[in-house]
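For the record, in the sequence shown the residue sitting at position 77 is 77 according to full-length UniProt numbering, with numbers rising by one throughout. We treat Cβ as the ideally placed atom computed from N, Cα and C, and that holds for glycine.
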Amino acid sequence: MNATNAPTTATDVTVTTLAERPELTDRIWALGDAWPVFVTEDPVGWILWGRIIAELPDHVLVATDSQGEVVARAIGVPFALDTEGRGTLPEGGWDRVLMWAFSDLRRGAAADTVSAIEITVDPRVQGTGLSYRMLGAMRENVRAHGIHRLVAPVRPSAKHLEPHTPIEEYARRVRPDGLPHDPWLRVHARVGGVIDSVAPASMTVSGSLEQWRTWTGLPFDRPGDVAVPKALVPVHCVPDQGYAVYVEPNVWVRHSV
C-alpha cells in the first residue's frame with residue numbers, strides 16, 4: 001500500500017481463504033503480530049503455529065486491499081467440543097484448544113466447533129472496522145464448513161494495564177451502555193459474541209532468568225511477581241531456582257453462526 005493511496009476501509013478489502021490463495025502464504029507473515037515477544041515463546045504455539053498454515057489453510061483467512069496488499073489475517077482451528085472428556089470450553093484456553101484440534105485432525109474426528117486463534121490487522125488500517133469484517137468472515141467460513149459454533153479464547157487488549165485485577169472481575173466489567181469495558185471484548189460483543197467463561201491458564205511460558213531478561217529487558221533478580229509490559233498478569237520469578245513463569249488468562253467468547 002503506497003502512502004499516497006486513500007486509506008483502506010473494511011469495504012475495500014477482499015477476504016479469501018489461504019486454500020484459495022496459497023500464493024499469499026509468505027505475505028501473510030509480513031503483517032507481523034501484536035503479541036509481545038515472550039508470548040511467542042509459548043511452546044504449544046511454537047510447535048503448532050506453522051502446522052495451521054500448512055494443514056488447515058481453509059481456516060486461514062486473508063484480506064487484501066484494492067492494490068493486492070495483505071492487510072489482515074484471521075486464523076482458526078476446527079475441533080470436536082461435544083465429545084467424551086470435553087463438553088465445556090477448556091480452562092487451558094488457547095494452548096488446550098490447539099492440542100485438541102491437532103489431536104482431532106490426526107484421528108480424523110469430526111469437528112463441531114471452530115476456535116479463532118488470532119486476528120491481526122495491519123496497523124496502517126486499524127480503526128477502519130476491519131477487525132469486525134474479519135470476525136464476520138470467520139463466522140461465514142465456519143458456516144460454509146457446516147459448523148454452527150465459533151469460539152475464541154480472547155486476549156483482552158487492555159488487561160495489561162491492570163495486571164493485578166483478577167481476570168474474572170475484568171472480563172465481567174461493563175460500560176454504562178452494557179458493552180464490555182475491554183476494547184477487544186467489545187468488538188466481539190458487537191458482532192454477537194457472548195462471554196462464556198475464563199481460561200485461567202490459556203498460555204504458559206516458562207524460561208530461564210536469562211531468557212526473560214532477553215525477552216523483556218528487565219533484571220529478573222528478585223523473587224515474586226514481576227510486572228512486565230504487555231503482560232496480562234505478573235510473571236512469577238524464582239531466582240534461587242533460576243526460572244520465571246508466566247501463566248496468561250484469556251476469556252472464552254462464543255459466537256453463534
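Count the other CB atoms, across all protein chains shown, that sit within 10 Å of the CB of residue i; report buried if there are 16 or more and exposed otherwise.
| i | result |
| --- | --- |
| N2 | Any reading at N2 is ruled out, since the residue's pLDDT is 26, under 50, leaving its predicted position unreliable. |
| L98 | buried |
| V187 | buried |
| W184 | buried |
| D33 | exposed |
| A227 | exposed |
| G242 | exposed |
| A72 | buried |
| V13 | buried |
| P180 | buried |
| H59 | buried |
| A54 | exposed |
| G45 | buried |
| G123 | Position check: residue 123 holds Pro in this sequence, whereas Gly was assumed. Flag for P123 reads exposed. |
| V142 | buried |
| D65 | buried |
| A30 | exposed |
| R96 | buried |
| residue 284 | Residue 284 falls outside the range modelled here, since the chain spans only 1 to 257, and no answer is possible. |
| D42 | buried |
Pull up the DSSP beta-bridge partners for residue i, would you.
| i | result |
| --- | --- |
| V37 | Paired residues: none, contrary to the question. |
| G207 | A244 |
| V198 | V251 |
| T14 | T64 |
| P180 | V174 |
| T120 | R73 |
| T113 | F79 |
Residues in its own chain within less than 7 angstroms of residue i by CB, not counting five upstream and five downstream?
| i | result |
| --- | --- |
| N250 | G93, W94, P153, V154, R155, A199, S202 |
| L24 | L18, V62, V70 |
| V221 | A small correction: the amino acid at residue 221 is Asp; Val does not occupy that position in the sequence shown. So the list reads P239, once near-sequence residues are dropped. |
| L48 | L98, F102 |
| E91 | A199, P200, A201 |
| D82 | D112 |
| V174 | P180, H181 |
| E168 | V198 |
What first and last residue would you give for the beta strand (DSSP E) that runs through residue i?
| i | result |
| --- | --- |
| H255 | 243 to 256 |
| V151 | 149 to 154 |
| P43 | Premise fails: P43 lies in the alpha helix (DSSP H), 43 to 55, not in any beta strand (DSSP E). |
| D225 | 224 to 226 |
| G76 | 70 to 79 |
| V235 | 235 to 238 |
| T88 | First-last for T88: undefined, no H or E at that position. |
Assuming residue i contacts residue j under a Cβ cut-off of 8 angstroms, what Cβ separation, rounded to an integer in Å, is found between them?
| i | j | result |
| --- | --- | --- |
| V245 | H255 | V245 to H255, Cβ: 32 angstroms. No contact. |
| A111 | I75 | Actually they are not in contact, since the Cβ atoms of A111 and I75 sit about 15 angstroms apart, beyond 8 angstroms. |
| V114 | L150 | 5 angstroms |
| L209 | H160 | No, L209 and H160 are not in contact; Cβ-Cβ is about 22 angstroms, not under 8 angstroms. |
| V253 | G207 | About 29 angstroms separates the two Cβ atoms, so there is no contact after all. |
| I117 | I52 | 7 angstroms |
| R133 | V257 | The pair is not a contact, with the Cβ atoms about 15 angstroms apart (cut-off 8 angstroms). |
| V191 | L130 | Not confirmed; about 13 angstroms, so no contact. |
| V15 | A137 | 4 angstroms |
Between which two residues does the alpha helix (DSSP H) containing residue i stretch?
| i | result |
| --- | --- |
| V97 | 93 to 107 |
| L130 | 130 to 144 |
| T25 | 25 to 28 |
| E169 | 167 to 172 |
By Cβ distance below 8 angstroms, which residues in the same chain neighbour residue i in space, the five residues on each side in sequence not counted?
| i | result |
| --- | --- |
| E80 | Residue identity check: residue 80 is Ala in the sequence provided, not Glu. Answer for A80: R86, W100, D104, A109, A110, A111, D112, T113, listed in chain order. |
| R107 | none |
| Y40 | Before going further, note that residue 40 is Thr rather than Tyr in the sequence given. Counting only Cβ-Cβ distances below 8 angstroms, and skipping sequence neighbours, we find D33, W46. |
Kindly list the residues whose CB is nearer than 6 angstroms to the CB of residue i, restricted to its own chain and excluding five residues on each side of it in sequence; keep chain order.
| i | result |
| --- | --- |
| D182 | P156, A158 |
| V247 | A201, T204 |
| W212 | F220, A244 |
| V121 | A72, L130, S131 |
| F38 | V205, W215 |
| A189 | L179, P180 |
| G50 | none |
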